[in-house]
Amino acid sequence: MEALKNRLLKVARTYYRTVEEVLRNFNKVSSFELLVSTIISQNTSWRNVEKAIANLKSRGLLSIERILGVDVKELEEALRVAGLYKVKALRIRELAGRLKAWGSSLDELISLNMDEARAKLMELPAVGYKTADVLLAFKASAPVIPVDTHIERIAKRLGIVKRGSRYEEVRQALEGFVPHDERGLFHLALIEFGRKICKSRRPACSVCPLRGLCPSRTS
Ligand code: SF4
């Protein structure tokens, strides 16, 4: 298993240059924009998220006050490109309402100690483990690896965790061998690896650099 983990880390590192720009973009946006983007990203591509965010920006709708001040139809229109737009519009509006009622900013919240910040974030509507960890990793530089569907699939196929493992088990198993200062890049790199090689359907095992060590290889 140690050999497999070392190999996975090496493979992930080959993607770091490819994903550095995504990391830079995450650094540039506000915590609120990243949170809204993560909600929009459910069941759609990152390209569509970017279009929806551009629509929100062009309508001046990326602030809590404005989101709460407009008719929900206007929000829906801006989000239409990302699918499930009615649900997403409602979630974002509810989120804005909760943040306003809270009275403290998202940045104050994520600057709490990591466990406290995660618990508080998960009290927000539409914020689960992954969304909370994305914010902590990319806006609070917390040493955490957010686990999305690609990452979970790869960890299970490689046997790093059992098939039935839940979010926290996957996260902790990966954090056990990835250095603190690489965890954000590792998260992005594994997503890229999952999109290009270890795909959900028909993984490209014949060209996978992990095939010699992978118990799930198909060819
Ligand atoms: S060998 Fe196949 S299943 Fe295993 S990690 Fe590579 S692509 Fe995924």
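So for the sequence shown, this note's numbering puts the first residue at 1; every next one is plus one.
Even for Gly, the Cβ is constructed at its ideal location relative to N, Cα and C.
In this text, all values refer to a predicted model and were calculated from it rather than measured experimentally.
Three-state secondary structure assigned by DSSP to residue i
i       : result
Tyr-15  : coil
Met-114 : helix
Glu-33  : helix
Asp-107 : helix
Thr-218 : coil
Ala-204 : coil
Leu-9   : helix
Glu-50  : helix
Glu-123 : coil
Ile-39  : helix
Leu-62  : coil
Lys-199 : coil
Leu-210 : coil
Euclidean distance between Cα positions of residue i and residue j
i       : j       : result
Asn-6   : Ile-151 : 16 Å
Leu-213 : Lys-10  : 13 Å
Val-49  : Asp-181 : 27 Å
Ser-58  : Val-22  : 22 Å
Ser-206 : Arg-157 : 15 Å
Ser-45  : Ala-3   : 33 Å
Lys-139 : Ser-105 : 13 Å
Asp-107 : Lys-130 : 18 Å
Leu-8   : Gly-103 : 43 Å
Met-114 : Glu-192 : 26 Å
Arg-93  : Ser-30  : 17 Å
Requested in this report: Answer yes if the stretch 110-126 comes into contact with the stretch 162-176, meaning at least three C-beta pairs across the two stretches below 8 Å, and no otherwise.
Outcome: no
Query - alpha helix (DSSP H) runs wholly inside the stretch 131-180, at least 4 long, in chain order - result: 149-157, 167-175
Query raised in the report: Any chance the stretch 69-78 sits against the stretch 31-40, with 3 or more Cβ pairs inside 8 Å?
Result: no
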